[in-house]
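Quick notes on the structure that follows.
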Amino acid sequence: MKRKWIRVLMSLAVVFGMVTALSFSGGAAEFVKLDEKCSLTVIPGNFTGEGNAWLAEQLDNASVVIDLYRVADAVPNKAGGLGYDGYQFELEEQYEGEEGLQLAEHMTNADWRQQAQKAVRIALGITMDADTGAVSGTVQTPPVRMNESVKQEIGELDAGLYLLIARRGGAGDPDVTYNDVAAYTAVSRDSDGTEQIVTMADSPDCVFSFEPELIALPGKEPYVDAEGNPVSNTANPGPWLYHMEPVLKARAQMRYGSLQIRKELPEFETVAGQNIPRPVTFIFEINAVWEDRISGAGGQKEYKDVVAIDFTGAGSETAYRPGEELLLPVGARVTVKEVYSGPGYSPYPDGTEDGTDREAYEQTTLITEAEQIFEVTFTNYYNGRHVDGHGITNRFTYNAEQDRWIWTSVHADGTVGGEGSQEGTASSDNSPQENHQTPADETVDTP
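In structure tokens:
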């Protein structure tokens, strides 16, 4: 049942929120024909200008589909019938009430953006986990059009107000449907901290996010006022437009692959005269570089870190726990160098070290695909040389209440060697940090 009537005179945006409206031109002003079918062609983004050619290509290759949810019917004005100044909305029942859409005669683009957020939360049944921020949802009423292609006409639409959602799906993500809300929605935050629901779609190297939009059909061509500002409402001069071409504003971020460092140790030193393993630490320096293609400014970005792998026996160990591998953007070139090999160990089975085999101590890999793990492996052998010493890892955590860093010294065999604290300011993410002590008391700090 539809109950709420909204008269739209001066502020009905042709395409609301962060959308630019393009349309076919028409003739002189005319009466609106609400029984005439409308159509829509959605352009998912507009990356133009110097430095954006790569992003434009990525967007062209993204798997973006369009869902349209009907929010309100367009009905004749109660007073005076059909006229030059527009029509009225009759909200669908699920969008009514105090928690529903609040439409008024005079609304700004910010108002429409707020109402679009309300509409998407209702349409997709959005809920958020307070602890993790994860988004989930259950579609309340199926879209009137679903899985439509971008840049192709969506025709035979009745006059009214629609919620437009651009999301991942189609040939690139065939398993994602409109019902899989958690698979294509997320929470974005504006500069003022305001939370916004966004929908996402992927290209091979990027993830694009779009804000849901409200669009009225039919509409009118925007015009520029005396102050140079574009104005879109149903009182604009000019003809009614029954075909619209909205260009959504897309935001791009790089997609990520993962790096894992593996150490193989076929042989292991034991304490002289005893069958007791002697703990040993291996230290690796990571240097990753990639081209900055998101900002349009060009140039390179760099990531550096130092990690340690501890052994208490022969076998295979990794620098990162499964599922916690180092995330790096697609296209990153990563060089991993073994800067400390532990006393009594060599990368050569015969124990020799001539220093000419660079690959024994340094490996390079390229992150070529998103959501894949790229692994580099180093192998060391015990050369029979007994040298006292092993690694110590100092782990630091920040105590916000005391404004102090708390450190714990952990030996390679997992035993705690000491604890302490020191005053200081937390890093921006307050994440645990580590540094690694070599047998020569050299300290290597992570960035």
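The sequence shown maps to residues -28 to -1, 1 to 419 in mature numbering (1 follows the signal peptide of the UniProt record, and there is no 0). Ideal Cβ placement from N, Cα and C applies to all residues, glycine included.
What does the Cβ neighbour count give for residue i, buried or exposed, with the cut at 16 atoms within 10 Å?
i: residue 256; result: buried
i: residue 115; result: buried
i: residue 151; result: exposed
i: residue 215; result: buried
i: residue 188; result: buried
i: residue 162; result: exposed
i: residue -28; result: The pLDDT assigned to residue -28 is 49, lower than 50, so where the model puts this residue is not dependable, and the model offers no usable value.
What residues in its chain sit with their C-beta under 7 Å from that of residue i, if we drop five residues either side in the sequence?
i: residue 237; result: 283, 286, 287, 352
i: residue 160; result: 168, 170, 181
i: residue 19; result: 27, 28, 31
Taking residue i and residue j to be in contact with their CB atoms under 8 Å, please state how far apart those CB atoms are, rounded to whole angstroms.
i: residue 264; j: residue 273; result: 5 Å
i: residue 107; j: residue 100; result: 6 Å
i: residue 43; j: residue 12; result: With a Cβ gap of about 14 Å, residue 43 and residue 12 do not count as contacting.
i: residue 136; j: residue 184; result: 7 Å
i: residue 126; j: residue 117; result: 6 Å
Could you check whether the Cβ of residue i sits closer than 8 Å to any heavy atom belonging to the ligand NAD?
i: residue 270; result: The model on display carries no ligand, and the ligand NAD is accordingly not part of it.
Alpha carbon to alpha carbon, how far is residue i from residue j?
i: residue 405; j: residue 309; result: Only weak support is given to the placement of residue 405: the predicted model assigns it a pLDDT of 36, under 50, and the value that follows is read from those uncertain coordinates. Between residue 405 and residue 309, the C-alpha separation is close to 20 Å.
i: residue 462; j: residue 303; result: Since the first residue of the chain shown is -28 and the last is 419, residue 462 is not available in this structure.
i: residue 307; j: residue 333; result: 11 Å
i: residue 153; j: residue 181; result: 14 Å
i: residue 134; j: residue 300; result: 39 Å
i: residue -3; j: residue 211; result: Low confidence applies here, because residue -3 scores a pLDDT of 37, under 50, leaving its location unreliable; read the following figure in that light. So the two alpha carbons sit approximately 6 Å from each other.
i: residue 37; j: residue 49; result: 34 Å
i: residue 66; j: residue 289; result: 55 Å
i: residue 4; j: residue 147; result: 41 Å
i: residue 121; j: residue 142; result: 8 Å
i: residue 131; j: residue 59; result: 10 Å
i: residue 8; j: residue 128; result: 9 Å
i: residue 252; j: residue 164; result: 49 Å
i: residue 314; j: residue 321; result: 15 Å
i: residue 270; j: residue 26; result: 11 Å
i: residue 218; j: residue 14; result: 5 Å
i: residue -21; j: residue 166; result: In this predicted model, residue -21 has a pLDDT of only 39, less than 50, meaning its place in the structure is not dependable; the value taken from the coordinates is given anyway. Going from the Cα of residue -21 to the Cα of residue 166 covers about 28 Å.
i: residue 10; j: residue 70; result: 30 Å
i: residue 186; j: residue 124; result: 19 Å
i: residue 68; j: residue 82; result: 20 Å
i: residue 298; j: residue 23; result: 28 Å
i: residue 73; j: residue 90; result: 6 Å
i: residue 249; j: residue 102; result: 47 Å
i: residue 45; j: residue 348; result: 59 Å
Is residue i near residue j, with beta carbons less than 9 Å apart?
i: residue 145; j: residue 30; result: no
i: residue 226; j: residue 179; result: yes
i: residue 17; j: residue 192; result: no
i: residue 491; j: residue 34; result: Look at the range of the chain in this structure, -28 to 419, and you will see that residue 491 is not part of it.
i: residue 232; j: residue 61; result: no
i: residue 95; j: residue 111; result: yes
i: residue 171; j: residue 157; result: yes
i: residue 235; j: residue 169; result: no
i: residue 47; j: residue 6; result: yes
i: residue 229; j: residue 77; result: no
i: residue 279; j: residue 292; result: yes
i: residue 258; j: residue 224; result: no
i: residue 41; j: residue 104; result: no
i: residue 355; j: residue 316; result: yes
Excluding five sequence neighbours on each side, which residues of the same chain lie with their C-beta closer than 6 Å to the C-beta of residue i?
i: residue 319; result: 332, 352
i: residue 175; result: 30, 33, 34
i: residue 305; result: 261, 338
i: residue 39; result: 115, 118, 137, 150
i: residue 350; result: 235, 310
i: residue 155; result: 148
i: residue 335; result: 308, 348
Please list, in chain order, all residues of the same chain as residue i whose beta carbon is under 8 Å from its beta carbon, the five residues on each side excluded.
i: residue 97; result: 109, 110, 111, 112, 153
i: residue 239; result: 286, 353, 354
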